[in-house]
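Heads up: the sequence lines are chains A and B, in that order.
Note that this note's numbering numbers the first sequence so that position 11 is 11, with each residue one more than the last.
Positions in the second sequence are counted from 1; adding 1000 to them yields this note's numbering.
We treat Cβ as the ideally placed atom computed from N, Cα and C, and that holds for glycine.
For reference, the structure discussed in these notes is given below.
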Amino acid sequence: MADRRYETLVLIHPEQGEQGAKEFTNRIRSLIEEQKGTIGQIQEWGLRDLAFLVAKQRRAFYVLFEYRATPAALAEVERNLRLADSVLRFVSVRQAENAPPTPDRTARRPEPEETDTSLEAGDIDALGEEM
Amino acid sequence: MAKERGERRGSSSKGEGRGFRRRGLGRRKVCRFCADKTMQIDYKDTRALGSFLSERGKIMPSRITGNCARHQRRLTVAIKRARTVALLPYSTSYP
């Protein structure tokens, strides 16, 4: 079976702590490799504010996995993510073969405090004037 | 004004077959993603996606943003993906 390019963004429960999140990341990494996948890159975005409460939590550790794997391997990874209690949410997306890898700090902001305001307001004022 | 226009349309609608007239004299909006080919639609890029949300967190209609249909479709998918992983809000509650 042909392998495809995927990426999965995982939200890890903040109670796991930095250490727990790292361990979990390694678990997923070895799981992908077990499934004959090849890791492209793993980005740890660290503890980040959520846009809304998830499982009564305000923040979560975000980890992004980019890898190549077969569809069956992806299913197995997703099954494990669903079973893991420390995973709040995840999303898997198939990437185009020629898409550039995600640059560092796409969604990450230098100051985590800033995240809140920028999410709420947006740059709508500029758009409104055009109406 | 409105009455005038109505009459004109009524009398000339037969043979002309003209489409809708553009209302107002606003600047013609161009799709930002078409204008700048390097701009990628990525669900992880909250900063870029955030500019297509209303203050309430709703997705702005392409009628206002001027996005073309193709990019608007991709944009909505990206915003919805971002919402599932709590990068963007479904709504923002006001006090």
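Any C-beta of chain A under 8 Å from that of residue i
i, result
"B:Thr1038", "no"
"B:Lys1058", "no"
"B:Ala1086", "yes"
Distance, residue j Cα to residue i Cα
i, j, result
"A:Asn80", "B:Glu1055", "37 Å"
"A:Val10", "A:Ser92", "9 Å"
"B:Thr1076", "B:Arg1063", "14 Å"
"B:Val1030", "A:Ile32", "43 Å"
"B:Pro1061", "B:Phe1052", "8 Å"
"A:Tyr67", "B:Thr1092", "34 Å"
"B:Cys1034", "A:Ala99", "18 Å"
"B:Thr1084", "B:Arg1027", "35 Å"
Burial state of residue i (16 or more Cβ within 10 Å)
i, result
"A:Val77", "buried"
"B:Lys1037", "exposed"
"A:Glu34", "exposed"
"A:Ala60", "buried"
"B:Lys1044", "buried"
C-beta neighbour in chain B for residue i, strict 8 Å
i, result
"A:Ala51", "yes"
"A:Leu74", "no"
"A:Thr165", "The structure shown has nothing for residue 165 of chain A, since chain A only spans 1 to 131."
"A:Glu120", "Residue confidence for A:Glu120 is low, a pLDDT of 42 falling below 50, so the modelled location carries little weight; the figure read from the coordinates is stated next. Judged by the 8 Å Cβ criterion, A:Glu120 is in contact with chain B."
"A:Pro110", "Low local confidence applies: a pLDDT of 42 at A:Pro110 is under 50, so the model's placement there is unreliable, with the coordinate-based value given in what follows. No, its Cβ sits nowhere closer than 8 Å to a Cβ of chain B."
Cβ shell of residue i (< 6 Å), same chain only, five flanking positions each side left out
i, result
"A:Val63", "Val10, Thr25, Glu44"
"A:Gln16", "Ser86"
"A:Glu7", "Glu66, Val93, Gln95"
Own chain residues within Cβ distance below 8 Å of residue i, not counting five before or after
i, result
"A:Ala55", "His13, Leu88"
Beta-carbon contacts of residue i that lie in its chain and below 7 Å, excluding the five residues immediately before and after
i, result
"A:Glu97", "Arg5"
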